[in-house]
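Chains X and H, in that order, give the protein sequences.
To convert, take the position in the first sequence, counting from 1, and add 26; that gives the numbering used here.
To convert, take the position in the second sequence, counting from 1, and add 26; that gives the numbering used here.
Cβ atoms here follow ideal geometry from the backbone N, Cα and C, with glycine treated the same way.
Since the structure is predicted, the reported quantities are computational estimates derived from the model, not experimental observations.
Structure, as structure tokens:
Protein chains: 2
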Amino acid sequence: MVQSIDRAMSIILVLTSDESKTHWSISEIAEKTSLPISTVHRLISSLMKYGLIQQIPETKQYKLGITWMEIGLRILDKIDMRAVARTVMEQLAADVRESVYLNIPDGHDAIVLERVESSMTVRSIDNLGERIPLHIGAANKTILANMEPREAERTVMALIPDPEQQREFMKQLPAIRENGYAVSYGEKTEGTASIAAPIIGYNQRVVGALSIGVPTYRITEELLATLIDRAKQSAKEISKRIGATP
Amino acid sequence: MVQSIDRAMSIILVLTSDESKTHWSISEIAEKTSLPISTVHRLISSLMKYGLIQQIPETKQYKLGITWMEIGLRILDKIDMRAVARTVMEQLAADVRESVYLNIPDGHDAIVLERVESSMTVRSIDNLGERIPLHIGAANKTILANMEPREAERTVMALIPDPEQQREFMKQLPAIRENGYAVSYGEKTEGTASIAAPIIGYNQRVVGALSIGVPTYRITEELLATLIDRAKQSAKEISKRIGATP
DNA sequence: GAAGTCGTTCCACAATACGGAATAATCGAC
DNA sequence: GTCGATTATTCCGTATTGTGGAACGACTTC
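See below:
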């Protein structure tokens, strides 16, 4: 619609086109965009004004400006994980034909932030907004396992009074962290198993967990392997979309 | 030079103007930019094409698009300081149990590049991507103090109009440079003190500043001494690590 | 159901960006 | 140092492009 913006973006596109190349000359850009040099120059001048493109003084070449990062960081800061997760969760639920949940940590509990039910589901297990202590269920355990260890320890100490049980519980966490998933059988709801994987934010911190709830009687070894795989994959997809840098 | 780009950026600017507000209606944007509604609409349509702006289907309102993050992350990737810094920052935050920030200079401001919050933190103070003038706050002052003196002077002259205040301000810089740290009380945020130390790149140039934010009421002389020590130490650690791999 | 308040589309008009060509700056070979 | 080749930058008459008031449509509110 607006030609200048189309052209400006085609220039930006050229600047992002090659991972290894960091700076470009005007004539290179003109050639790649098939625009006249003078036009490229004028557009770049405008873009420079806003820090979208920067000029390297020594070589007079151009590179992407810092504004992209500046605004990008702001978006990362308040990205709505829920909306992002929803898309992925719906796909997953449709594929595996089971209910899918998204939990986020808050204090010593996790809150059920989102739920997608499969058509197969007889009844939904977790209610939206429900608060579940972090040591209960596969989803919450993956959160604990991926939290800052000291904080995890403090949380467990607050949740489990008996020191012996505390130690016993803490033992499982490293493995969960290592494997990238957790499985639980009927911890929260009788007759329901849960397969969970962590969602990691842009700053490498765990921001939630995705889990699949399955009636225990349906589970076979083969299905379990598939579900683990799919849960990990979907959690990673969400992590990526909310800006985690792998 | 190119009007459309100027106008487009003024729209983007509105969308970034308020930290708390995440989505805007066309008429709000039109009013803020003093542009006709139809013009705003046309520009937004073009910007949407590139994911620079997204529309929320339910409310028909607009928000910043993910392209900013996408391109921003590419640039971030090239700044390997961030990855290096994060490790050190997380350790520091865990140890001192306060929030830790990383600022990098750009023009007359610094940008908040990374933030690690302690579990103790009530609320985060600085937002990622936020731009703060270089004469405000301990972190930015350490940057100024370690910049090339002429450039620092030029920056201060641009930021502070009053010549008397300029001179007054410049006086503190040599001491900051000498001591290797700066402390500020509530310069940027009421009730929050900041302890900062410079990060020096492989070419002996200041590339950023690490700072610890502490509620003023928590500060004692003893704690202050510790935090100064830890800030200097961590900043030096980061400097060393980015110096080793230029 | 009328009156507002949004977002969206339309189109005659002229202001705006266009781009070829001239100029300036830079580099390199001899 | 000079000449030529290759950049980046500026200029300016032209017409293509974006402009914005007004009409329309979709919703909400009273």
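Can you pull the DSSP bridge partners for residue i?
i	result
residue 50 of chain H	H:88
residue 218 of chain H	H:241
residue 152 of chain X	The partner list for residue 152 of chain X (beta bridge, DSSP) is empty, contrary to what the question assumes.
residue 135 of chain H	H:132 and H:159
residue 210 of chain H	H:220
residue 236 of chain H	H:128 and H:223
Would you identify the three-state DSSP class for residue i, choosing helix, strand or coil?
i	result
residue 260 of chain X	helix
residue 187 of chain H	coil
residue 123 of chain H	coil
residue 78 of chain X	coil
residue 129 of chain X	strand
residue 175 of chain X	helix
residue 143 of chain X	coil
residue 73 of chain H	helix
residue 268 of chain X	coil
residue 61 of chain X	coil
residue 105 of chain X	coil
residue 32 of chain H	helix
residue 231 of chain H	coil
residue 44 of chain H	coil
residue 200 of chain H	helix
residue 252 of chain X	helix
residue 246 of chain X	coil
residue 27 of chain H	coil
So, for residue i: in the same chain, excluding its five sequence neighbours on each side, which residues have a beta-carbon less than 6 Å away from its beta-carbon?
i	result
residue 271 of chain H	Caution applies to residue 271 of chain H, whose pLDDT of 36 falls short of 50 and renders its modelled position unreliable; the value that the coordinates give is listed next. So the list is empty, once near-sequence residues are dropped.
residue 124 of chain H	144, 238 and 240
residue 205 of chain X	none
residue 90 of chain H	41
residue 254 of chain H	207 and 221
residue 178 of chain H	170
residue 142 of chain X	115, 116, 119 and 126
residue 181 of chain X	134 and 160
residue 131 of chain H	169
Looking only at its own chain, which residues have a Cβ that is under 7 Å from the Cβ of residue i, when we skip the five neighbours before and after it?
i	result
residue 51 of chain H	87
residue 66 of chain X	37, 52, 55, 56 and 59
residue 158 of chain H	135, 136, 166 and 214
residue 199 of chain X	170, 171 and 178
residue 102 of chain H	108
residue 197 of chain H	none
residue 258 of chain X	206, 207 and 223
residue 189 of chain H	none
Residue j and residue i - do their beta-carbons sit closer together than 8 Å?
i	j	result
residue 168 of chain H	residue 251 of chain H	no
residue 211 of chain X	residue 242 of chain X	yes
residue 100 of chain X	residue 155 of chain H	yes
residue 236 of chain H	residue 261 of chain H	yes
residue 176 of chain H	residue 139 of chain H	no
residue 183 of chain X	residue 232 of chain X	no
residue 129 of chain X	residue 136 of chain X	yes
residue 220 of chain X	residue 165 of chain X	yes
residue 30 of chain X	residue 31 of chain H	yes
residue 110 of chain H	residue 68 of chain X	no
residue 263 of chain H	residue 153 of chain H	no
residue 269 of chain X	residue 82 of chain X	no
residue 35 of chain H	residue 76 of chain X	yes
residue 234 of chain H	residue 98 of chain X	no
residue 225 of chain X	residue 265 of chain X	yes
Suppose the cutoff is 8 Å on Cβ atoms and the five residues either side in sequence are ignored; what does the same chain contact list for residue i look like?
i	result
residue 186 of chain X	161, 192 and 195
residue 256 of chain H	118, 121, 122 and 238
residue 217 of chain H	241, 242 and 243
residue 48 of chain X	89
Contact between the region 114 to 126 of chain X and the region 92 to 103 of chain X (3+ Cβ pairs under 8 Å): no
I want to know whether the region 64 to 83 of chain X touches the region 58 to 74 of chain H - three or more CB-CB distances under 8 Å. No, because fewer than three Cβ pairs between the region 64 to 83 of chain X and the region 58 to 74 of chain H fall closer than 8 Å, the two stretches do not touch.
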